[in-house]
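Structure record follows, encoded as structure tokens.
Residue numbers (the working numbering): 27 to 280.
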């Protein structure tokens, strides 16, 4: 029963109905005008029933490394935003999202004393005409948890990864830092690393986390399965990074 549950969800119902309609039309020898809905069903099936999106994503993520306790000691750890968002209802003041591994990884490195300073990036969220900073809210939330935040710095509201890179570059010059550790999602690291280097940031190392491809999830990889929305989610991240990389290269940001 647990295996068949995906067929009872909206995605599965649409897949079954469209496939059944195509088979019925083929059985009645009504071939005309089938190529468009047929192509739609094939694309739908490939995206939701196969690991194609995860295989594409795995190429971006690179070869995963086991947790490495030998990361170099640097001047600062920089955690790119995207792992949390401000919230008026959560007790901590922020809501963790699927990229929260960025924050947990950076906190782990800071706890291991890989750097005396942890820099938090992130975007801004507008509510009732007021802009709320992801990084500021996370810092306040960490204080509520009883964590020591005197060695943490917020970049405030950042427009994008390039904005984060420019602000970190300015901080390095201001504070005399020579090396940083860059922490972000594995699929985002190629674009982030290129952007930070282009902005003049000297990297002592990069720490990839938040692997989303099923190839890199324990017991999650299957060649064929019933429709699952995760394929769309993974493809969305992959497509965003590919387009983002092209745009950054075109603008000369990396």
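Note that CB positions come from ideal geometry on N, CA and C, so glycine has one too.
Original post:
According to DSSP, is residue 120 helix, strand or coil?
Top reply: strand
Subject >> residue 274 (DSSP reduced to helix, strand or coil) >> reply: helix
Original post:
What separation, rounded to the nearest whole angstrom, lies between the Cα atoms of residue 281 and residue 107?
Top reply: Given that the chain is displayed from residue 27 to residue 280, the structure contains no residue 281 and the question cannot be resolved.
Subject >> Buried or exposed (CB count within 10 angstroms, at least 16 for buried), residue 202 >> reply: Label assigned to residue 202: exposed.
**OP:** Report the option in 242, 145, 254 whose CA atom is closest to the CA atom of residue 101.
**Re:** 145
Subject >> Beta carbon of residue 196 nearer than 9 Å to that of residue 208 >> reply: Cβ atoms of residue 196 and residue 208: not closer than 9 Å.
**OP:** Round the Cβ separation of residue 260 and residue 71 to the nearest angstrom and send it over; I've been treating them as touching at under 8 Å.
**Re:** Wrong, their Cβ atoms sit about 15 Å apart, outside the cutoff.
**OP:** Take residue 152 as the anchor and find which of 185, 59, 235 has the nearest alpha-carbon.
**Re:** 185
Subject >> DSSP-derived helix/strand/coil call for residue 112 >> reply: strand
Subject >> Three-state class that DSSP yields for residue 153 in the structure shown >> reply: Residue state, collapsed to three classes: strand.
**OP:** Using three-state DSSP, classify residue 187 as helix, strand or coil.
**Re:** helix
Subject >> alpha helix (DSSP H) runs contained entirely in the segment 185-249, provided each spans 4 or more residues >> reply: 187-201, 215-224
Subject >> Contacts around residue 57, its chain only, beta-carbon distance under 8 Å, and the 5 residues preceding and following it disregarded >> reply: 51
Subject >> The beta strand (DSSP E) enclosing residue 146, as first and last residue numbers >> reply: 143-146
Original post:
Can you pull the DSSP bridge partners for residue 269?
Top reply: DSSP output for residue 269 lists no bridge partner at all.
Original post:
If you pair each beta-carbon of the segment 83-90 with each one of the segment 261-268, do three or more pairs fall below 8 Å?
Top reply: Segments in contact, yes.
Subject >> With 16 other Cβ atoms within 10 Å as the buried cut-off, status of residue 250 >> reply: exposed
Subject >> Reduced DSSP category for residue 39 - H, G, I as helix; E, B as strand; rest coil >> reply: helix
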